[in-house]
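One structure is given here, and the rest of the page talks about it.
In the numbering used here, the protein residues as written are 19 to 296.
Written out as structure tokens, the structure reads:
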């Protein structure tokens with residue numbers, strides 16, 4: 019039987035390898051639009067800055083992680099500083115949103131949920147933001163400082179809104195701003211040590227706010243008048259209830275209640291054993 023001569027089409031198919039056929043049938047990769055590419059670079063940079071201090075991240079690192087070339091990164095951003103500031107601005111918007119909480123239920127429980135989201139953010143964005151907030155980053159600039167200040171202002175206004183006071187005093191605003199700064203410093207210190215469970219830190223920060231609010235109310239009659247309704251809304255199992263229980267237990271320690279009572283009455287107490295007398 020005579021052999022069949024292959025047709026030109028069959029001959030070409032025989033010469034085409036399997037990988038070539040797969041490549042020919044593969045769907046072409048969609049090219050990102052200008053806005054999509056810019057957003058991708060910001061997202062990739064933010065991820066890198068979250069895991070390492072800004073000074074340890076290069077344009078080449080960002081380009082490689084984005085699957086882009088170095089010139090392409092420079093096409094969208096004039097340099098690493100501009101990309102860092104834009105990444106930080108996006109992170110700041112996310113952090114500000116974490117302070118938003120429905121104004122329902124006891125205040126300290128609302129703040130407890132807020133601080134849980136805040137500490138989760140701090141933990142997931144630790145190295146890069148710790149370097150900046152501690153002032154030890156070469157990437158710190160007027161632009162980055164403005165972003166951080168905006169986050170602090172947003173947090174302050176959110177907390178004041180939860181207090182629901184018609185005209186917060188200058189003293190109360192200072193108390194809230196000081197507490198935010200303390201929460202920032204404490205959480206960043208926790209990042210370096212992890213000496214206590216995260217939930218304990220969360221509770222501690224909320225109880226510090228309650229203590230600061232109470233101290234401010236002792237100096238401001240208008241705020242003191244509102245404090246009764248604040249405590250009335252709290253629950254025994256909440257952060258404020260647990261704080262009051264701890265303080266009540268502290269007063270049961272021998273000698274403390276007598277000393278506190280004497281101080282409240284304005285009378286001198288007995289000197290502690292071994293204390294120097296003048």
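Glycine included, each C-beta is placed from N, C-alpha and C at the ideal position. Since this is a predicted model, take the numbers as computed values, not measurements.
Using 10 angstroms around the beta-carbon of residue i, count the other beta-carbons present and answer buried if the total reaches 16, otherwise exposed.
i, result
"residue 49", "exposed"
"residue 89", "exposed"
"residue 140", "buried"
"residue 225", "buried"
"residue 274", "exposed"
"residue 42", "With a pLDDT of 42 at residue 42, under the threshold of 50, the predicted position of this residue should be treated as unreliable, and no value is reported."
"residue 220", "buried"
"residue 271", "exposed"
"residue 202", "buried"
"residue 121", "exposed"
"residue 233", "exposed"
"residue 132", "buried"
"residue 173", "buried"
"residue 269", "exposed"
"residue 189", "exposed"
"residue 228", "buried"
"residue 144", "buried"
"residue 285", "exposed"
"residue 91", "buried"
Based on Cα-Cα distance, which residue from the options lies nearest to residue i?
i, options, result
"residue 167", "190, 55, 106, 187", "106"
"residue 126", "205, 187, 247", "247"
"residue 177", "277, 116, 162", "116"
"residue 61", "73, 101, 78, 52", "101"
"residue 53", "73, 93, 171, 87", "93"
"residue 162", "238, 131, 110", "110"
"residue 256", "124, 77, 73, 112", "124"
"residue 240", "279, 131, 184", "184"
"residue 253", "219, 128, 145", "128"
"residue 108", "234, 215, 68, 232", "68"
"residue 86", "245, 118, 250, 58", "58"
"residue 99", "119, 130, 160", "160"
"residue 230", "261, 214, 211, 215", "261"
"residue 169", "175, 78, 114", "114"
"residue 258", "130, 179, 283", "130"
Output the distance between the C-alpha atoms of residue i and residue j, rounded to the nearest integer angstrom.
i, j, result
"residue 193", "residue 242", "14 Å"
"residue 308", "residue 236", "Coverage of the chain is limited to positions 19 through 296, which leaves residue 308 absent and any answer about it impossible."
"residue 195", "residue 171", "8 Å"
"residue 75", "residue 206", "21 Å"
"residue 70", "residue 181", "37 Å"
"residue 56", "residue 112", "18 Å"
"residue 165", "residue 186", "24 Å"
"residue 64", "residue 222", "30 Å"
"residue 266", "residue 142", "37 Å"
"residue 72", "residue 209", "17 Å"
"residue 217", "residue 134", "8 Å"
"residue 45", "residue 137", "Because residue 45 sits at a pLDDT of 46, beneath the cut-off of 50, its placement in the model cannot be relied upon, and the following sentence gives the value as read from the coordinates. When rounded, the distance between both Cα atoms is 43 Å."
"residue 264", "residue 96", "55 Å"
"residue 250", "residue 244", "10 Å"
"residue 83", "residue 197", "38 Å"
"residue 81", "residue 103", "17 Å"
"residue 118", "residue 276", "43 Å"
"residue 191", "residue 66", "35 Å"
Terminal residues of the continuous alpha helix (DSSP H) containing residue i?
i, result
"residue 63", "52 to 69"
"residue 165", "160 to 181"
"residue 217", "216 to 237"
"residue 139", "125 to 142"
"residue 193", "188 to 211"
"residue 89", "88 to 94"
"residue 100", "98 to 115"
"residue 279", "274 to 283"
"residue 260", "257 to 269"
Any heavy atom of the ligand MN closer than 8 Å to the beta-carbon of residue i?
i, result
"residue 250", "As presented, the structure is devoid of all ligands, the ligand MN included, so that no description of it is given."
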